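Read the structure below first, then the notes.
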Amino acid sequence: MTQNREAWGSRFGFILAAAGSAVGLGNIWKFPYIAGENGGAAFIFIYLICIAIIGFPVLIGEILIGRTTQKNPVGAFAALTHSKLWISIGFLGVIAGFMILSFYSVIGGWTIGYVVETLRGSLSHFHNPEEAGELFDALSGSAVWTLGYHTLFFALVMGIVIRGVQGGIERSSKIMMPVLVSILVILMIRGVTLDGASEGLAFLWVPDWSKINAQAVLIALGHAFFTLSLGMGAMLTYGSYMSKRDNVVTSAAQIVFLDTLIAIMAGVAIFTAVFASGLDPAAGPGLIFQTLPAVFSNMPGGVYFSLLFFLLLAIAALTSAISLLEVVVAYFVDEQGWTRKGAVLIFGGSIFLLGIPSALSFNIMADVTLFDKTFFDIVDFTASNILLPFGGLMIAIFVGWIWSRTAVMTAVKEGAETLFETYPWFEGIWFLFLKFIAPVLITLVLLNSLGII
Ligand code: PFF
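Those letters in the sequence shown? Residues 19 to 471, per my numbering, in order.
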């Protein structure tokens, strides 16, 4: 089996696919609005620290587990430990993939829907965000609209993953990622050349420390996991197709760099435009679907920018969604002997079905709630706020404490000998973060998510 296992065509292909997984709705939809709600620059500063001291060390560990075992999350833990406990941690990752993809596809569908609405001209005559909000409520309030685009988005995801690691995921990432970066550069240039853009830049760069409290730190840390696709085996699975000749540490650094750069670029593009229009930067989740359409309506050539922006979001969502489906498919192919095609159709199809109540949570099922949360909110909350931090915690503990240090160092040095010779202190720092700092901080995030602190 192992000899026939698929692999990336090149290290560059791996970096683009992994950066594609990391760069998603989290960077372009979520990051700007949580930064906006939590005070801008000061929040971004805390977020960068979380990425550096937790995200980066855990990402190296997660890719390394995959690269060493050349397996999916369940098979990987089984190969390294034979322990039922750790195998079930791998299994939780597959379940998290199932859950996240089911609701991610609903929002991914909206982004395609907004590309189409822009083309139809329905987004170009708003005077204020309230008017744009009315259209948003009408669209997301329509079961046909949400379900239709959920289906379309899902068909695209399955169409890519069914073509395999090299022919589907790598090939599409090599096209989509450069397009994504080019669009973002255009939107950023447009943003910073608007009158009044400097206020948006000041919001992003001049910290207001009074806005930072324990809650903001926990949000920043939780987001660090989501944005780097950590804690559920997506990076582990992508790492499992990586060659042992390649350097895991520099690859992880490049993925973190691209993900962070793109989140900041999206912040610049969005906040310069929002401030130049005199609108509210702390508009919450509606920032993208309500505030921005109002901004574009009042901008010369706004239709083109609107088109580019929602295309950017759709591409970002697609390259992340394929990594979510790949975790589930890899498990069934490696462990249960399914063919790729069968696994994509059957399990992709099941995830699609699980997404239906999430799509309906904005319309006919809006009143079906548990603890005041809709189906969509429950799946999102459980996966993003509990399963991902928990998975991240377990990966840090596993690499820091369970896997023997000699074995970890032998594995990580493959392809990275010079790095560890040139920077001998790196090993100590990496282990310090994995063994102590990450577990303590992630436990705090988890306790906070569960309402205990
Ligand atoms: N990193 C993606 C984003 O920022 O939107 C979300 C994500 C993708 C999370 C894949 C987890 C994952 F496995």
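Cβ atoms here follow ideal geometry from the backbone N, Cα and C, with glycine treated the same way. Here the structure is a predicted model, which is why all the values come from computation and not from measurement.
Quick one: residues in its chain with C-beta nearer than 6 angstroms to the C-beta of residue i, no 5 flanking neighbours on either side, listed in chain order?
i	result
Trp-356	Phe-350
Ala-150	Phe-144, Gln-308, Pro-311 and Ala-312
Ala-414	Val-76, Leu-452, Ala-456 and Pro-457
Gly-38	Ser-191, Met-195 and Thr-337
Val-41	Asp-277, Ile-280 and Ala-334
Met-176	Val-362 and Gly-366
Gly-249	Phe-243, Leu-406, Gly-409 and Gly-410
Ser-467	Asn-403 and Ile-404
Val-210	Thr-290
Out of the options, point me to the one whose CA is closest to residue i's CA.
i	options	result
Asp-395	Lys-431, Phe-121, His-145 and Phe-454	Phe-121
Val-286	Gly-410, Ala-25, Val-397 and Leu-212	Leu-212
Met-283	Glu-188, Leu-205 and Asp-298	Leu-205
Gly-44	Tyr-322, Phe-243, Ile-447 and Gly-433	Phe-243
Ala-533	Arg-208, Gly-240, Ile-306 and Gly-367	Here the chain has residues from 19 to 471 only, and residue 533 is not among them.
Gly-54	Ala-300, Trp-419 and Gly-139	Ala-300
Val-203	Met-427, Val-179 and Ile-288	Ile-288
Leu-236	Ile-72, Trp-448, Phe-454 and Thr-424	Ile-72
Tyr-412	Ser-142, Leu-103 and Ala-238	Tyr is not the amino acid found at residue 412; the sequence shown has Met there. When each option's Cα is compared against that of Met-412, the closest is Leu-103.
Phe-172	Trp-421, Val-224, Leu-371 and Ser-402	Leu-371
Gln-184	Pro-318, Ile-105 and Ala-25	Ala-25
Leu-459	Ala-36, Ile-369 and Gly-410	Gly-410
Ala-434	Ala-59, Asp-226 and Leu-82	Leu-82
Ala-36	Gln-272, Gly-240 and Pro-147	Gln-272
Ile-364	Ala-332, Val-179 and Leu-222	Val-179
Arg-222	Gly-186, Ile-369 and Tyr-65	Correcting the residue identity first, residue 222 is Leu in this sequence and not Arg. Closest by alpha carbon: Tyr-65.
Val-199	Leu-464, Ile-62, Pro-147 and Leu-331	Leu-331
Leu-34	Glu-432, Phe-275 and Val-397	Phe-275
Leu-305	Gly-240, Glu-152 and Pro-50	Pro-50
Leu-462	Gly-240, Ala-384, Ile-447 and Ala-429	Gly-240
Ile-62	Pro-225, Trp-163 and Thr-99	Pro-225
Ile-118	Ile-78, Pro-147, Gly-251 and Glu-217	Gly-251
His-100	Ile-420, Asn-316, Gly-57 and Pro-318	Ile-420
Val-321	Gly-218, Ala-401, Ser-140 and Ala-215	Ser-140
Under DSSP, the alpha helix (DSSP H) around residue i begins and ends at which residues?
i	result
Glu-435	435-440
Trp-128	102-138
Thr-400	Where Thr-400 is concerned, there is no enclosing alpha helix (DSSP H), given that its DSSP letter is neither H nor E.
Pro-375	367-378
Ser-261	Run containing Ser-261: none; DSSP gives neither H nor E here.
Leu-248	Element bounds for Leu-248: n/a, residue is neither H nor E.
Leu-363	It is not in any alpha helix (DSSP H) - Leu-363 carries neither H nor E in the DSSP assignment.
Val-183	Here Val-183 belongs to no alpha helix (DSSP H), and DSSP marks it neither H nor E.
Gly-31	29-40
Thr-99	91-99
Asn-316	Segment: none, Asn-316 is in no alpha helix (DSSP H) and carries neither H nor E.
Pro-407	406-415
Glu-445	443-450
Thr-461	456-467
Leaving out five residues before and five after residue i in sequence, what residues of the same chain have Cβ atoms less than 8 angstroms from its Cβ?
i	result
Thr-3	Because residue 3 is not part of the residues shown, which for the chain are 19 to 471, the question remains open.
Leu-137	Leu-325
Thr-20	Low confidence applies here, because Thr-20 scores a pLDDT of 48, under 50, leaving its location unreliable; read the following figure in that light. These residues qualify, in order along the chain: Gln-88.
Ile-125	Leu-43, Trp-47 and Ala-335
Give the DSSP-derived three-state secondary structure of residue i in the structure shown.
i	result
Lys-391	strand
Gly-304	helix
Ser-338	helix
Phe-144	coil
Asp-298	coil
Ile-71	helix
Arg-23	coil
Val-2	No information on residue 2 is available, as it lies outside the stretch 19 to 471 that the chain covers here.
Ile-230	coil
Ile-280	helix
Val-224	coil
Glu-432	coil
Thr-268	helix
Ser-160	coil
Ile-420	helix
Asp-213	coil
Ile-178	helix
Asn-45	helix
Gln-88	coil
Mind checking if residue i is an interface residue toward chain D, Cβ cutoff 8 angstroms exclusive?
i	result
Tyr-256	Judged by its chain identifiers, the structure shown contains no chain D, having just a single protein chain.
Using a Cβ-Cβ cut-off of 7 angstroms (strictly less than) and excluding sequence neighbours within five positions of residue i, which residues of its own chain qualify?
i	result
Ser-160	Asn-381
Phe-328	Thr-129, Tyr-132, Val-133 and Thr-136
Gly-469	none
If contact is defined by three or more beta carbon pairs under 8 angstroms, each pair taking one atom from either stretch, is the stretch 109-123 in contact with the stretch 88-98? yes
- Query: Pairing CB atoms from the stretch 386-403 with CB atoms from the stretch 370-378, are three or more of them under 8 angstroms?
  - Reply: Touching, per the Cβ criterion.
Given 8 angstroms as the limit, is there contact between the stretch 23-33 and the stretch 259-272, that is, 3 or more CB pairs closer than that? Touching, yes, given that three or more Cβ pairs across the two stretches are closer than 8 angstroms.
- Message: Three or more C-beta pairs under 8 angstroms: does that hold for the stretch 221-234 against the stretch 356-372?
- Response: no
contact_flag[the stretch 266-273, the stretch 421-439] where n(CB pairs < 8 angstroms) is 3 or more:
At 8 angstroms Cβ cutoff, the stretches touch.
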